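Structure first, commentary second.
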């Protein structure tokens with residue numbers, strides 16, 4: 001299937017604001033589906049709530065729209081019920097890091113063979129731009145008018161520490177690199193995680209002096225460094241940078257394979273006992 | 001020659017394609033609609049199509065022999 005055939009063109013134009021990065025990431029995902037010869041029947045796109053949670057409306061594979069923060073829990077269930085399916089979970093930073101943070105680390109620890117793609121736009125876009133778990137320190141949001149006093153999660157670092165075999169962070173500005181990461185993540189057997197640093201010009205951008213749609217993307221571009229360059233920076237220099245690159249890429253036996261072995265063992269014991 | 005076609009119904013006039021074009025091939029109409037004016041400069045890198053948040057652009061044509 002061609003990438004364009006994975007999109008529900010009848011529902012276009014996209015619901016997202018002018019300049020929102022969600023459309024760019026969605027386009028990259030369907031291009032990867034084409035490259036890997038995915039079909040509508042063997043693919044399930046699972047989403048939660050939020051702007052990025054609307055992504056499943058525009059993709060015509062099997063889709064599942066779950067509750068806020070629980071997309072990964074539903075995705076895990078779908079994968080365990082039918083391990084043959086390609087399960088792709090789309091989450092925002094609110095969905096994946098804040099409300100569903102616990103699901104994220106445990107799915108990574110269990111190494112369930114799903115691909116999760118988190119679009120991190122640094123705030124809760126749909127509900128009015130409140131700060132989320134990834135909002136950087138000192139940034140203004142609708143609930144931190146005098147500057148955010150907390151530090152944001154390093155999501156990729158968190159997931160890598162939880163044991164995921166594939167973790168990478170890209171940005172909408174570096175869309176070619178991001179697409180490569182998504183492709184590698186989809187190919188990976190085991191829990192794979194891609195964080196896409198994206199722009200929210202309507203809320204985060206507007207409150208931080210970047211109300212032009214291209215302005216926030218430019219800010220992301222100027223504050224991005226590669227993993228290798230980041231290693232040469234001091235802690236304070238690194239603090240407000242987006243470190244892009246791969247944080248984990250290793251082979252590790254996934255949950256479904258191990259679980260299948262348990263089923264076989266249990267059946268053998270049962271048969272032997274008869 | 002390369003040609004970038006803009007779907008006017010899908011484009012939200014965000015200006016990402018014209019701002020980040022490496023060779024500045026776009027001009028914008030008064031409402032912000034991008035126009036592929038400097039077609040002869042276009043290298044066909046496809047970055048505008050890949051970055052467009054509204055999936056409104058298509059690249060056609062090719063390099064002249």
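Chains as they are written, first to last, in UniProt numbering: chain G, 1 to 274; chain Y, 1 to 65. Here a beta-carbon is modelled for each residue, glycine too, at the ideal position from N, C-alpha and C. Here the structure is a predicted model, which means the values were calculated and not measured.
Between the options, which lies nearest to residue i when the distance is taken from Cα to Cα?
i, options, result
"residue 4 of chain G", "G/265, G/21, G/35, G/74", "G/35"
"residue 23 of chain G", "Y/48, Y/62, Y/2, Y/63", "Y/48"
"residue 140 of chain G", "G/251, G/210, G/83, G/98", "G/210"
"residue 177 of chain G", "G/188, G/197, G/189, G/164", "G/197"
"residue 154 of chain G", "G/51, G/120, G/9", "G/120"
"residue 207 of chain G", "G/262, G/145, G/227, G/109", "G/145"
"residue 44 of chain G", "G/62, G/58, G/30", "G/62"
"residue 179 of chain G", "G/194, G/220, G/239, G/39", "G/194"
"residue 149 of chain G", "G/266, G/91, G/133", "G/133"
"residue 165 of chain G", "G/51, G/84, G/113, G/232", "G/113"
"residue 83 of chain G", "G/255, G/269, G/270", "G/255"
"residue 6 of chain G", "G/15, G/32, G/17, G/259", "G/32"
"residue 258 of chain G", "G/248, G/205, G/190, G/236", "G/190"
"residue 118 of chain G", "G/104, G/130, G/129", "G/104"
"residue 184 of chain G", "G/269, G/116, G/56, G/263", "G/116"
"residue 56 of chain G", "G/101, G/9, G/125, G/239", "G/9"
"residue 106 of chain G", "G/231, G/192, G/38", "G/192"
"residue 101 of chain G", "G/260, G/85, G/73", "G/73"
"residue 9 of chain Y", "Y/32, Y/2, Y/45, Y/1", "Y/32"
"residue 130 of chain G", "G/76, G/13, G/98, G/159", "G/98"
"residue 15 of chain G", "G/50, G/124, G/215", "G/50"
"residue 128 of chain G", "G/222, G/159, G/205", "G/205"
"residue 160 of chain G", "G/261, G/109, G/13", "G/109"
"residue 19 of chain Y", "G/78, G/66, G/215", "G/215"
Please look up how many angstroms separate the CB atoms of residue i and residue j, rounded, as I've assumed it's under 8 Å.
i, j, result
"residue 203 of chain G", "residue 142 of chain G", "7 Å"
"residue 39 of chain Y", "residue 25 of chain Y", "7 Å"
"residue 252 of chain G", "residue 111 of chain G", "6 Å"
"residue 213 of chain G", "residue 16 of chain Y", "6 Å"
"residue 283 of chain G", "residue 171 of chain G", "No information on residue 283 of chain G is available, as it lies outside the stretch 1 to 274 that chain G covers here."
"residue 122 of chain G", "residue 95 of chain G", "The pair is not a contact, with the Cβ atoms about 14 Å apart (cut-off 8 Å)."
"residue 136 of chain G", "residue 147 of chain G", "About 10 Å; that fails the 8 Å criterion."
"residue 21 of chain G", "residue 199 of chain G", "5 Å"
"residue 58 of chain G", "residue 91 of chain G", "Not quite, the Cβ-Cβ distance comes to about 16 Å (not below 8 Å), so this is no contact."
"residue 162 of chain G", "residue 246 of chain G", "The pair is not a contact, with the Cβ atoms about 16 Å apart (cut-off 8 Å)."
"residue 42 of chain Y", "residue 36 of chain Y", "7 Å"
"residue 54 of chain Y", "residue 11 of chain Y", "6 Å"
"residue 6 of chain Y", "residue 57 of chain Y", "6 Å"
"residue 48 of chain G", "residue 18 of chain G", "Not quite, the Cβ-Cβ distance comes to about 24 Å (not below 8 Å), so this is no contact."
"residue 87 of chain G", "residue 30 of chain G", "16 Å between Cβ atoms; not a contact."
"residue 220 of chain G", "residue 28 of chain G", "That belief does not hold up - the Cβ atoms of residue 220 of chain G and residue 28 of chain G are roughly 15 Å apart, past 8 Å."
"residue 80 of chain G", "residue 42 of chain G", "Contact flag wrong, Cβ pair sits at about 16 Å."
"residue 224 of chain G", "residue 173 of chain G", "7 Å"
Starting from residue i, find everything on chain G with Cβ-Cβ shorter than 8 Å and list it in chain order.
i, result
"residue 48 of chain Y", "Residues of chain G passing the Cβ test: none, with the nearest at roughly 10 Å."
So which residues on chain G does residue i lean against when the C-beta distance must stay under 9 Å?
i, result
"residue 52 of chain Y", "23, 24, 27"
Which chain G residues sit within Cβ distance under 7 Å of residue i?
i, result
"residue 3 of chain Y", "Ordered by position in chain G, no residue passes the 7 Å Cβ test against residue 3 of chain Y, which lies about 18 Å from the chain."
"residue 10 of chain Y", "12, 13"
"residue 60 of chain Y", "In chain order: nothing, as chain G lies at least about 14 Å away."
Please compile the residues from chain Y whose C-beta is within a distance smaller than 7 Å of the C-beta of residue i.
i, result
"residue 51 of chain G", "None at all; the shortest Cβ gap to chain Y is about 12 Å."
"residue 213 of chain G", "14, 15, 16"
How would you list, in chain order, the residues of chain Y whose beta-carbon sits under 8 Å from the beta-carbon of residue i?
i, result
"residue 219 of chain G", "Under the 8 Å cutoff, chain Y gives no residues; its nearest Cβ is about 12 Å from residue 219 of chain G."
"residue 200 of chain G", "Going along chain Y, no residue has its Cβ under 8 Å from residue 200 of chain G, so there is no contact; the nearest lies around 11 Å."
"residue 19 of chain G", "12, 14, 15, 16, 53"
**OP:** Could you name the residues of the segment 25-43 of chain Y whose beta carbon sits closer than 8 Å to any beta carbon of chain G, in the order they occur along the chain?
**Re:** Of all residues in the segment 25-43 of chain Y, none has a Cβ within less than 8 Å of some Cβ in chain G.
Subject >> Contiguous beta strand (DSSP E) assignments of at least 3 residues, all confined to the segment 206-273 of chain G >> reply: Those beta strand (DSSP E) runs which fall completely within the segment 206-273 of chain G and span 3+ residues are 224-226, 242-249.
Original post:
Could you give the uninterrupted runs of the beta strand (DSSP E) lying entirely in the segment 52-128 of chain G, keeping only those of 3 residues or more?
Top reply: The segment 52-128 of chain G contains these whole beta strand (DSSP E) runs: 62-65, 86-92, 115-120.
Original post:
In chain order, which alpha helix (DSSP H) runs of at least 4 residues are fully inside the segment 136-181 of chain G?
Top reply: Fully enclosed alpha helix (DSSP H) runs of no fewer than 4 residues occupy 155-161 of the segment 136-181 of chain G, in order along the chain.
**OP:** Identify each residue in the segment 153-184 of chain G for which the Cβ-Cβ distance to at least one residue of chain Y is less than 8 Å, and report them in chain order.
**Re:** Answer in chain order: 172, 173, 175, 176, 179.
Subject >> Any alpha helix (DSSP H) of 4 or more consecutive residues that is wholly inside the segment 31-57 of chain Y >> reply: Contiguous alpha helix (DSSP H) elements confined to the segment 31-57 of chain Y occur at 47-51, taking only those with 4 or more residues.
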